[in-house]
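2 protein chains.
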Amino acid sequence: MSSSEPGTAPPAAPRMDGRTGPARLQGLPTRLLSLAATHSDRLVNEGLAAADARKWHYAVLATLEESGPASQAELSRRTGIYRSDLVSVINELTDRGLVERAPDPADRRRNVITMTERGRARFARLDTLITELEDEVLAPLGPAERDQLARLLTRLVDHHARRDG
Amino acid sequence: MSSSEPGTAPPAAPRMDGRTGPARLQGLPTRLLSLAATHSDRLVNEGLAAADARKWHYAVLATLEESGPASQAELSRRTGIYRSDLVSVINELTDRGLVERAPDPADRRRNVITMTERGRARFARLDTLITELEDEVLAPLGPAERDQLARLLTRLVDHHARRDG
DNA sequence: TACTAACGTTAGTCAGACGAACGAATGTGA
DNA sequence: TCACATTCGTTCGTCTGACTAACGTTAGTA
Numbered sequence: 001m002s003s004s005e006p007g008t009a010p011p012a013a014p015r016m017d018g019r020t021g022p023a024r025l026q027g028l029p030t031r032l033l034s035l036a037a038t039h040s041d042r043l044v045n046e047g048l049a050a051a052d053a054r055k056w057h058y059a060v061l062a063t064l065e066e067s068g069p070a071s072q073a074e075l076s077r078r079t080g081i082y083r084s085d086l087v088s089v090i091n092e093l094t095d096r097g098l099v100e101r102a103p104d105p106a107d108r109r110r111n112v113i114t115m116t117e118r119g120r121a122r123f124a125r126l127d128t129l130i131t132e133l134e135d136e137v138l139a140p141l142g143p144a145e146r147d148q149l150a151r152l153l154t155r156l157v158d159h160h161a162r163r164d165g
Numbered sequence: 001m002s003s004s005e006p007g008t009a010p011p012a013a014p015r016m017d018g019r020t021g022p023a024r025l026q027g028l029p030t031r032l033l034s035l036a037a038t039h040s041d042r043l044v045n046e047g048l049a050a051a052d053a054r055k056w057h058y059a060v061l062a063t064l065e066e067s068g069p070a071s072q073a074e075l076s077r078r079t080g081i082y083r084s085d086l087v088s089v090i091n092e093l094t095d096r097g098l099v100e101r102a103p104d105p106a107d108r109r110r111n112v113i114t115m116t117e118r119g120r121a122r123f124a125r126l127d128t129l130i131t132e133l134e135d136e137v138l139a140p141l142g143p144a145e146r147d148q149l150a151r152l153l154t155r156l157v158d159h160h161a162r163r164d165g
């Protein structure tokens, strides 16, 4: 009642995306970034979960594939996974027989993580899967736009990574 | 040729950003998206925390400012905050005297959330703050690039929002 | 009246990012 | 050589955010 009508004619959002929210809010790049990342993460996580994997599994396997055996600390640095969180990731990978964890004879503080044959095969499959998922996430964009997006995001990430490094 | 050869001499990442990880991993748009969003969220959260606020506070205040009083369910739809999470957000805002929660006489299932004078002043300050924080996040990009990024992200968000809507 | 749906709320799950601290091992400087 | 600092793997815990389940109340509808 009384003048202004807040309850009148809200087009009703399709889901939890704030799609029908205020313009100011909706245009904020930081919000768009969060929202886009949420959608992207969800798709990727679901896709990987369907294959009994997680993002971190892929990250670790990709690193091992490219640089060979490494300590957990090194994997942590290369993948961006905190060393405290890496513990369980390596556990999961050893449970699945994809990597092996052995004490480093040269430095007994360390473990050497090595990819197994199964791990290598697994990585190949996951790599294909990831490619498909990336494609699904970027579906609405053309090749040039995807490049553009990747470049812009890289600039952002590089900038902020150095700052608090 | 100069300094970008992975393999034997990894230059040790500055921090938890996976900056020195494998090229394949590092170029993945979904990863860049997550990373960028993480940096962005951190900056925004820290900035708002220093002003005793959170993202959701701003989102709710912005919605009330633009559309006037609303029920919690409506705020949920417009901001994208789940209605279960909105409860505590409204609590925090009422604790700070920024909004008022009153039962809706027209529909006793609902609460009507109304912004107070303090709330309005608060929103103005937060809005300025947010603008500064956005600027900090987008620092490495020029105006045209910021626009481009916002457009691309909007396309992504729109696309995925409709899909699971 | 009986069924259905919306609303606010509580409680809880799950993933990710991150900090604190600790024992074991190693490196370093006096 | 001894003391101190650092690194490593690990456990535990915190915080935010997204999301589900369920429940009592209230409204709308068949």
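First to last, the protein sequences are chains A and B.
Reading the first sequence from the start, the letters are residues 1 to 165 in this note's numbering.
Reading the second sequence from the start, the letters are residues 1 to 165 in this note's numbering.
Glycine included, every Cβ here is placed at the ideal spot set by N, Cα and C.
Please list, in chain order, the residues of the stretch 28-44 of chain B that have any C-beta partner in chain A closer than 9 angstroms. L28, P29, T30, R31, L32, L33, S34, L35, A36, A37, T38, H39, S40, D41, R42, L43, V44
Cutoff 8 angstroms: P103(B) Cβ touching any chain A Cβ: no
Is the Cβ of L25(A) closer than 8 angstroms to any Cβ of chain B? yes
Cross-strand partners of P103(B) (DSSP beta bridge): Answer by DSSP bridge pairing, in chain order: N111(B).
Three-state secondary structure (DSSP) at E5(B)? Confidence is the limiting factor: at E5(B) the pLDDT is only 32, short of 50, which leaves the residue's position unreliable and the question unanswerable from this model.
Where does the unbroken alpha helix (DSSP H) through I130(B) begin, and where does it stop? 117-137
Across which residues does DSSP place T70(B) in a beta bridge pair? Note that residue 70(B) is Ala in the sequence shown here, rather than Thr. BP columns for A70(B) point to I113(B).
Under a Cβ-count criterion, where at least 16 other Cβ atoms within 10 Å of its own Cβ denotes burial, should P22(B) be classed as buried or exposed? buried
With distances taken from CA atoms, which of A59(B), T114(B), L153(B) is nearest S76(B)? A59(B)
Quick check on DSSP: helix, strand or coil for A53(B)? coil
Find the residues of chain B that neighbour Q148(A), judging by a C-beta separation of less than 8 angstroms, and give them in chain order. Q148, L152
Does the beta carbon of P14(A) come closer than 8 angstroms to any beta carbon on chain B? For P14(A), the predicted model reports a pLDDT of 36, less than 50, meaning its position is unreliable; a value from the coordinates is still stated below. Yes, P14(A) lies at the interface with chain B (some Cβ there is under 8 angstroms from its Cβ).
N91(B), buried or exposed, once every other Cβ within 10 Å from all chains shown has been counted against 16: exposed
How long is the line joining the alpha carbons of E145(B) and L152(B), rounded to whole angstroms? 10 angstroms
Please classify A51(B) as buried or exposed, where buried requires at least 16 neighbouring CB atoms within 10 angstroms. exposed
Using a Cβ-Cβ cut-off of 7 angstroms (strictly less than) and excluding sequence neighbours within five positions of L133(A), which residues of its own chain qualify? L43, V44, G47
Report yes if the CB atom of P69(B) is closer than 8 angstroms to the CB atom of I130(B), and no otherwise. no
Spatial neighbours of R110(B) in its chain, beta-carbon cut-off 8 angstroms, leaving aside the 5 residues before and after: S71, Q72, A73, P103, D104
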